[in-house]
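Student: Numbering (the UniProt record's numbering), first residue to last: 1 to 274.
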Amino acid sequence: MENVTLNNGTKIPQLGLGVFLVEDKNDLRHSIEYALADGYRHFDTAAIYHNEAGVGEALAASDVKRSDLFITSKLWDSVQTYDDTITAFKASLQRLQTDYLDLYLIHWPSAGYNEKWRAMEDLYNDGLIKAIGVSNFEQPQMDQLLTTAKITPAVDQIETHPYFQQTQLHEYLANLGIAHEAWGPLGQGKGGVLKDPVLNEIATAHNKSVAQVILRWHIQRGIIVIPKSIHQARVAENIDVFDFELTDAQMTAIAGIDKHQRGSEDPNDEAWLK
Ligand code: NAD
C-alpha cells in the first residue's frame, strides 16, 4: 500500500475503506474483516454515521495492532463550540475503543468552525490526534478558517470523481500543502460514471473494472481514496489497483469527461456559511 505523507509528517495509507451508510452491524463487521484480510489498514467513519461503535468492535476483534491502523472520524455539525468539540471527540474515541485518532475532520463548514478548529488544535497538541483536517471546505471557507488557524489543515476531504474532478480546488489545496482526499470516489455508484464509455474503454485495455480505473486515476493524481463496499468481491477489487498504471493519454482522456457535476450539497450555499 502506498502512503501519502501529510504536511505534519504523518503517513496515511492512500487507499482506505469508507463506511458511510453501513448501519447494519453484520455488514459493517464483514466489510471490515474482508478489508483487513485484503490489506486495508485505513478506515473512514464519522460520528453522524452512527457506526463508530461497530467500527471499534470490528477493529478491536482483529489481530492487527492499533499502531498499524489508520482511523479517521469526523466532528458533526450539531457541535458548534470549543467545549462541545472536546466532549464529542472523547465520545468518538470511546465508541471507537481507542485512545487516539489518526485523523479527525470537521465534517462540514457549518457554524462555529473556527472555534471547533481551535479545540482540535488543542487535542492535536495534547497528542490525542495524529493529524487534523477538514471536509467539504472550498476556497472561501478555507480562507476564512486560515484567518484564525495556528495549524494548517493536513487534509480536506471533498467530493471528487471523474464527473466532478475538483481541478481548481485540487490546485488551491496543493499550493497550501493540504492533501486532497476524495469522498464518493466512485461517484457513490450514481450518475452513470461506472458506465462511462471512455472509462470502459480504458478498463478493457487494462483488463480491469471501471471502478479500478477510477481509483487508479485518483491515486495517480496523488489523491487519497476511501471507496465503500460491503461486498467481499468489491472490497477486494477496490484495493487491487497498485499493479497497473494509466498512461498520460488515458489520464488526459479522463480529464476530458469532467461534467463539473456535484452529487450532494454545495458547501458554498448560504446555509453552510452561517
Ligand atoms: P463511493 O464513491 O465509495 O461509492 C460507493 C458505492 O459504489 C457502493 O455503495 C456501490 O454502490 C458502488 N461500488 C463500490 N465498489 C464498487 C465496485 N468495485 N464496482 C461497482 N460498484 C462499486 O461513495 P461513498 O461511500 O459515499 O464515499 C466513500 C466514503 O467517503 C464513505 O463511505 C465515507 O466514509 C466518506 N464520505 C464522506 C463524506 C463527507 O461529507 N466527508 C460524504 C460522503 C462519503
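Glycine is no exception: its CB is placed at the ideal position from the N, C-alpha and C atoms. Treat the numbers as computed from the prediction; the structure is a model and nothing was measured.
(1) Whose C-beta lies closer than 8 Å to the C-beta of V88 among residues of the same chain, with five residues either side of it excluded?
(2) So is R216 in contact with chain D if we call contact Cβ pairs under 7 Å?
(3) Taking the alpha-carbon of D24 as reference, which of Y49, L17, I151, N7 has the nearest alpha-carbon?
(4) In this structure, how does DSSP classify residue 276 when only helix, strand and coil are distinguished?
(5) Can we count Q80 as close to ligand 1, meaning its CB is less than 6 Å from some heavy atom?
(6) Tell me, please, which residues DSSP counts as bridged to F43.
(7) Would you mind working out which of N114, V241, H231 sits nearest V225, comparing C-alpha positions?
(8) Determine whether the beta carbon atoms of F70 and D38 lie at a separation below 7 Å.
(9) Who are the near neighbours of residue 348 in its chain, counting only those whose CB is closer than 7 Å to its CB and skipping five residues on each side?
(10) Just list the residues that DSSP pairs D156 with in beta bridges.
(11) Can you tell me which of the three DSSP states K116 falls into?
(12) Return the first residue and the last residue of the beta strand (DSSP E) that L6 is part of.
(13) With a threshold of 16 other CB atoms inside 10 Å of the CB of D266, please say whether the residue is buried or exposed.
(14) Cβ-heavy atom distance between D115 and ligand 1 below 6 Å?
(15) May I have the straight-line CA-CA distance separating E159 from D63, to the nearest angstrom?
(16) Return the chain-ordered list of same chain residues with a C-beta closer than 6 Å to the C-beta of G177, the five sequence neighbours on each side being excluded.
(17) Helix, strand or coil for I106 per DSSP?
(18) Whole-angstrom Cβ separation of D143 and E181, contact assumed at under 8 Å?
Tutor: According to the structure data:
(1) Position 88 of the sequence shown, counted from the first residue, corresponds to residue 88. Per the sequence shown, residue 88 should be read as Ala rather than Val. Correct list, in chain order: A47, L75, W76, V79.
(2) The structure shown contains no chain D; it is built from a single protein chain.
(3) Residue numbering aside, residue 24 sits at position 24 when the sequence shown is read from its first letter. It is Y49.
(4) The shown model of the chain, from 1 to 274, leaves out residue 276, and the question about it has no answer.
(5) On the sequence shown, position 80 is the one that residue 80 refers to. No, Cβ of Q80 sits at least 6 Å from all heavy atoms of ligand 1.
(6) Numbered from 1 along the sequence shown, position 43 holds the residue referred to as residue 43. Bridge partners of F43: L17, I71.
(7) To locate residue 225, count along the sequence shown from 1; it is residue 225. When only C-alpha atoms are compared, the closest one is V241.
(8) Residue mapping note: residue 70 aligns to position 70 of the sequence shown, counting from 1. Residue mapping note: residue 38 aligns to position 38 of the sequence shown, counting from 1. No.
(9) The structure shown has nothing for residue 348, since the chain only spans 1 to 274.
(10) The residue given as residue 156 occupies position 156 in the sequence shown. For D156, which the question treats as bridged, DSSP gives the partners V134, H180.
(11) Along the sequence shown, read from residue 1 onward, the residue named residue 116 stands at position 116. The answer is helix: DSSP assigns K116 an H, G or I state.
(12) Position 6 of the sequence shown, counted from the first residue, corresponds to residue 6. Looking at the DSSP string, L6 is not in any beta strand (DSSP E), and its letter there is neither H nor E.
(13) Position 266 of the sequence shown, counting from 1, holds the residue named residue 266. So D266 counts as exposed.
(14) Taking the first residue of the sequence shown as 1, we reach residue 115 at position 115. Note on identity: in this sequence residue 115 is Glu, with Asp being the wrong assignment. E115: no, Cβ never under 6 Å from ligand 1.
(15) Within the sequence shown, numbered from 1, the residue matching residue 159 stands at position 159. Within the sequence shown, numbered from 1, the residue matching residue 63 stands at position 63. So the two alpha carbons sit approximately 32 Å from each other.
(16) Along the sequence shown, one-based indexing puts residue 177 at 177. So the qualifying residues of the chain are N7.
(17) Along the sequence shown, one-based indexing puts residue 106 at 106. Strand, per DSSP.
(18) To locate residue 143, count along the sequence shown from 1; it is residue 143. To locate residue 181, count along the sequence shown from 1; it is residue 181. So it is not a contact: roughly 19 Å between Cβ atoms.
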